[in-house]
Each structure stands twice: as structure tokens, then as C-alpha cells.
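Comments concern the structure below.
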Amino acid sequence: MLLGVAIGGVGWHPDARRPARPDLTDAGRYRRLALAAERGGLDFVTLDGSPALTAVPDGQPDAVTALAAVAPVTHTIGLVATVTTTYAEPFHVARALATLDHISHGRAGWRPRVAASAAEAAHFGPEPLPEISRLRAEAAEFTEVVTALWDSWQDDAVIRDTASGRFLDRARIRHIDHVGQHFRIKGPAVVPRPPQGHPVLASGLDPDSSSVSAYGADLVFTEVRKAQQVRASVGTGVRILGEVEIVLDDHGPGRPPEQQGVAQPLRLAGNAAELAARLDAVYACGVVDGFHVRPAALPGAVEHFVHEVVPLLRRRHPARSGTPGGSLRERLGLPARASSVFPLRKATPSR
51 MLLGVAIGGV GWHPDARRPA RPDLTDAGRY RRLALAAERG GLDFVTLDGS
101 PALTAVPDGQ PDAVTALAAV APVTHTIGLV ATVTTTYAEP FHVARALATL
151 DHISHGRAGW RPRVAASAAE AAHFGPEPLP EISRLRAEAA EFTEVVTALW
201 DSWQDDAVIR DTASGRFLDR ARIRHIDHVG QHFRIKGPAV VPRPPQGHPV
251 LASGLDPDSS SVSAYGADLV FTEVRKAQQV RASVGTGVRI LGEVEIVLDD
301 HGPGRPPEQQ GVAQPLRLAG NAAELAARLD AVYACGVVDG FHVRPAALPG
351 AVEHFVHEVV PLLRRRHPAR SGTPGGSLRE RLGLPARASS VFPLRKATPS
401 R
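Numbering-wise, this note's numbering puts 145 at position 95 of the sequence shown, and it's gapless, one number per residue.
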């Protein structure tokens with residue numbers, strides 16, 4: 051059973067921000083949450099991001115930058131950043147994510163999304179919001195360019211040959227010369243190929259995200275009730291995780307164990323044993339490979355989930371062994387991605 055947890059914002063529950071106004075720009079906050087998840091044996095954390103101030107009134111740091119601050123203090127847990135492709139440039143995103151993968155020694159992942167709301171578009175100028183079909187096509191090409199830039203370096207392009215005085219073998223670095231409908235990128239990248247080759251690509255099949263599962267997603271977050279349909283559409287080799295919102299509550303007998311939220315994730319409420327039993331029952335159906343958990347309130351709910359619910363789940367479903375130096379791909383049981391520019395050579399992260 052794969053398990054990931056969202057560590058951005060204050061939690062999904064409307065009352066989550068009432069007790070205090072958390073400092074969401076404090077790097078220590080994300081380090082503490084990621085370390086708690088790592089100690090609990092979770093496979094990855096996610097950090098969302100949106101260019102709209104209305105999404106999180108307390109403000110949102112850049113997800114890749116924040117997770118780069120988390121990387122040096124963690125050792126085994128994956129770090130998955132949401133990246134808005136609209137109004138961004140593939141070259142800069144490819145560089146940032148490759149850097150995160152190097153800093154974390156192969157534990158980076160990313161979740162492309164489109165900025166599909168007028169509130170987001172308004173931050174960038176007076177131009178009208180493009181049609182969603184155009185935004186998704188742009189996101190598809192964006193992802194293609196990012197991966198091509200990663201592939202513009204062979205895994206062994208850095209030779210550090212002191213005898214000849216050469217640091218790089220230029221024959222192992224190529225231009226990508228991409229000319230598409232939305233982008234013209236010559237390349238190559240300015241950062242060596244990431245340790246994983248391609249950092250893990252996650253996708254959410256919802257109206258506000260690009261449907262990247264059709265062209266290379268490794269990991270799909272989806273509604274539990276749609277998981278079987280999603281699995282049939284993406285084929286083998288893709289990990290399907292059910293989106294779950296949780297409320298860990300030892301009080302209030304008689305409350306419904308679950309309800310459906312507006313965004314249609316599975317919403318569960320109960321004590322630790324009840325939550326573990328419900329998640330185990332869903333997992334036993336065989337339609338999901340695990341869960342992406344969104345706690346009701348942060349930071350406390352992550353600690354409670356890790357210490358009270360996860361041990362009950364891991365008794366029946368042990369985590370894959372996460373060892374320092376192991377990649378997120380290895381932890382999730384995902385194959386290496388072949389280079390689009392050079393023949394595949396296995397990249398081995400090293401410390």
C-alpha cells in the first residue's frame with residue numbers, strides 16, 4: 051500500500067485556520083511535516099501551488115523551492131511539487147526540478163497543473179482566459195519539452211577528467227531543437243540529467259489539472275469511485291492512488307463514517323481503528339495502489355495520522371524499504387523512463 055500526504059496550506063477543513071494564522075513561508079514547517087511523514091514510513095509528501103492568492107489567503111510559497119529546503123534534512127521520503135504550467139517556461143521548470151532531484155538524491159516528483167481560473171489569469175495581465183482545451187494542449191507540450199530537456203544530457207556526460215582538463219563530454223550533450231505549437235526550445239539543459247532520469251510525474255484527473263496520464267504519468271491521484279475507470283485508461287505501469295480527506299476523531303459516536311465533499315474525494319471521519327479499517331477495505335478491492343491523504347488540519351493531523359493510523363495499516367501492508375540513496379521511482383516500484391534523445395542508461399543516485 052503506497053501512502054502519500056499533502057503538507058501544504060492549513061488543511062482542507064474550513065475551520066483549520068481559525069485557531070491561529072500559520073506562517074506558510076516558514077521552511078521549518080515543511081521540514082517538520084516531511085520528517086514526521088518519513089518517520090512514519092510514508093512514501094512521499096506533496097506540496098501544492100497556485101498563482102491565485104484566493105486559493106490560500108495566507109499565501110503560498112513556491113512548491114519546488116520549499117521542497118528544496120526539505121530535501122537536505124530528509125533521506126527516504128519522496129518530494130512531489132505541484133507546478134503550474136500556464137504562464138511558465140519549460141526551460142526554467144526543467145532546471146528547477148532537475149536541481150531538486152539532484153539535491154534530494156533522486157527523490158523528486160512533480161504534478162503539472164493548468165491555471166484554469168479567471169482569478170489566476172488576472173495576476174498575469176488583462177488577457178482573457180484561454181479555452182481549457184488550449185491550456186491542456188499547452189500543458190501536454192510543456193511536459194514533453196521538460197522531459198526532452200532532461201534527456202538532453204546523457205547520464206555520464208559529466209566526466210571530471212583531470213588529466214585532460216575536461217569536466218564535460220560535449221558529445222554526450224545535445225540540443226533538443228523543439229518547435230511546437232506553443233514552445234520553441236533549442237536547449238540543451240544547463241543541469242546534468244536528474245538521478246532518476248525523469249523525476250516521477252504525477253497527474254490528477256480533475257477539471258483543473260492537465261490530463262497528463264495519456265502521455266507519461268507515473269502516478270495518478272483520482273477519486274476512489276473512478277479508480278477502476280482510470281486504471282483501464284492508463285494501462286499497466288502506472289500507480290493509481292485514491293484521494294482521501296480524513297478527520298481523525300475519537301469523539302462523537304453516531305456520526306457518519308464518510309461523506310462526499312464538493313471535489314469528490316473520499317472523505318472519512320472516525321478514530322484511528324475506523325479509518326484504518328475503511329482504507330484497508332477500499333485497498334482490498336484492488337482498484338487503487340494506495341492513497342494520497344489530505345488531512346483536515348495542519349500540522350497536527352499529519353502527526354496524528356502518522357502515529358495512530360499508519361501503524362495499523364502497515365501491520366498488513368508493509369512499506370517498501372526506503373534506504374538513503376534510493377530513488378522515489380524505486381520506492382514506488384516504477385520503471386526507469388527511456389531517454390528521448392539518448393539510449394537509456396540506468397542512472398544510479400549516489401551520496
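The C-beta atom is built at its ideal place from N, Cα and C for all residues, glycine as well.
Pick from Ala319, Ala171, Ile209, Arg234 that is closest to Pro345, judged by C-alpha positions: In the sequence shown, residue 345 corresponds to position 295, counting from 1. Nearest C-alpha to Pro345: Ala319.
Neighbour-count burial assignment, Tyr137, 16 or more Cβ in a 10 Å radius: Locating residue 137 in the sequence shown gives position 87, counting from the first residue. Flag for Tyr137 reads exposed.
Sequence-distant residues of the same chain with beta carbon closer than 7 Å to Val123, five excluded per side: Here residue 123 refers to the residue found at position 73 when the sequence shown is read from its first residue. So the qualifying residues of the chain are Arg81, Leu85.
Three-way DSSP call (helix, strand, coil) for Pro368 in this model: Counting from one through the sequence shown, the residue named residue 368 turns up at place 318. DSSP places Pro368 in coil when its eight states are reduced to three.
Top-ranked residue by Cα proximity to Val288, from Leu269, Ile182, Trp160: For the purposes of this step, residue 288 is taken as residue 238 along the sequence shown, with counting starting at 1. Among Leu269, Ile182, Trp160, the Cα nearest to that of Val288 is on Leu269.
Alpha helix (DSSP H) runs contained entirely in the region 118-181, provided each spans 4 or more residues: If we require 4 residues or more, the alpha helix (DSSP H) runs fully inside the region 118-181 come out as 140-153, 168-172.
Span separating the alpha-carbon of Asp206 from that of Ser214: The residue given as residue 206 occupies position 156 in the sequence shown. The residue given as residue 214 occupies position 164 in the sequence shown. If I take the Cα positions, the gap works out to 16 Å.
Contact check, Ala113 vs Gly99, beta carbons under 7 Å: Here residue 113 refers to the residue found at position 63 of the sequence shown. Here residue 99 refers to the residue found at position 49 of the sequence shown. Contact: yes.
Close-in-space but distant-in-sequence residues of the same chain around Arg395 (CB under 6 Å, 5 per side omitted): Position 345 of the sequence shown, counting from 1, holds the residue named residue 395. Here Arg395 scores only 49 on pLDDT, less than 50, and its place in the model is too uncertain to base an answer on.
Within 7 Å, strictly: CB atoms of His101 and Thr135: Counting from one through the sequence shown, the residue named residue 101 turns up at place 51. Counting from one through the sequence shown, the residue named residue 135 turns up at place 85. Checking the sequence, you will find Pro at residue 101 rather than His. Their beta carbons are not under 7 Å apart, which means Pro101 does not touch Thr135 by this criterion.
Residue span of the alpha helix (DSSP H) that contains Ser283, given as start and end: Mapped onto the sequence shown, residue 283 falls at position 233. 277-284 is the span of the alpha helix (DSSP H), which, as asked, contains Ser283.
Segment limits, beta strand (DSSP E) that includes Arg222: Walking along the sequence shown from the start, residue 222 turns up at place 172. Annotation for Arg222: no beta strand (DSSP E) segment contains it, and DSSP assigns it neither H nor E.
Endpoints, beta strand (DSSP E) assigned at His342: Position 292 of the sequence shown holds residue 342. His342: member of the beta strand (DSSP E) spanning 340-345, first to last residue.
Extent of the continuous beta strand (DSSP E) run through Val294: Walking along the sequence shown from the start, residue 294 turns up at place 244. Element bounds for Val294: 289-298.
Beta-bridge partners of Val274, as assigned by DSSP: Position 224 of the sequence shown, counted from the first residue, corresponds to residue 274. Per DSSP, Val274 has no beta bridge partner at all.
Backbone CA spacing between Arg234 and Val352 [nearest angstrom]: Your numbering for residue 234 matches position 184 in the sequence shown. Your numbering for residue 352 matches position 302 in the sequence shown. When rounded, the distance between both Cα atoms is 43 Å.
Proximity below 7 Å, CB of Val402 to CB of Ala326: Coverage of the chain is limited to positions 51 through 401, which leaves residue 402 absent and any answer about it impossible.
Simplified DSSP assignment, three categories, for Leu74: To locate residue 74, count along the sequence shown from 1; it is residue 24. Leu74 falls in the coil class under three-state DSSP.
Beta-carbon spacing of Val294, Val343 below 7 Å: Against the sequence shown, residue 294 aligns to sequence position 244. Against the sequence shown, residue 343 aligns to sequence position 293. Contact: yes.
Per-residue burial, Gly304 [other beta carbons within 10 Å of its own, 16 or more giving buried]: Here residue 304 refers to the residue found at position 254 when the sequence shown is read from its first residue. Interpretation of Gly304 is limited by its pLDDT of 39, a score under 50 that renders its predicted location unreliable; the figure taken from the coordinates is listed afterwards. With a 10 Å radius around the Cβ and a threshold of 16 neighbouring Cβ atoms, Gly304 comes out exposed.
Length of the line joining the Cα atoms of Arg365 and Arg161: Translated into positions along the sequence shown, residue 365 becomes position 315. Translated into positions along the sequence shown, residue 161 becomes position 111. Computed Cα separation, rounded: 30 Å.
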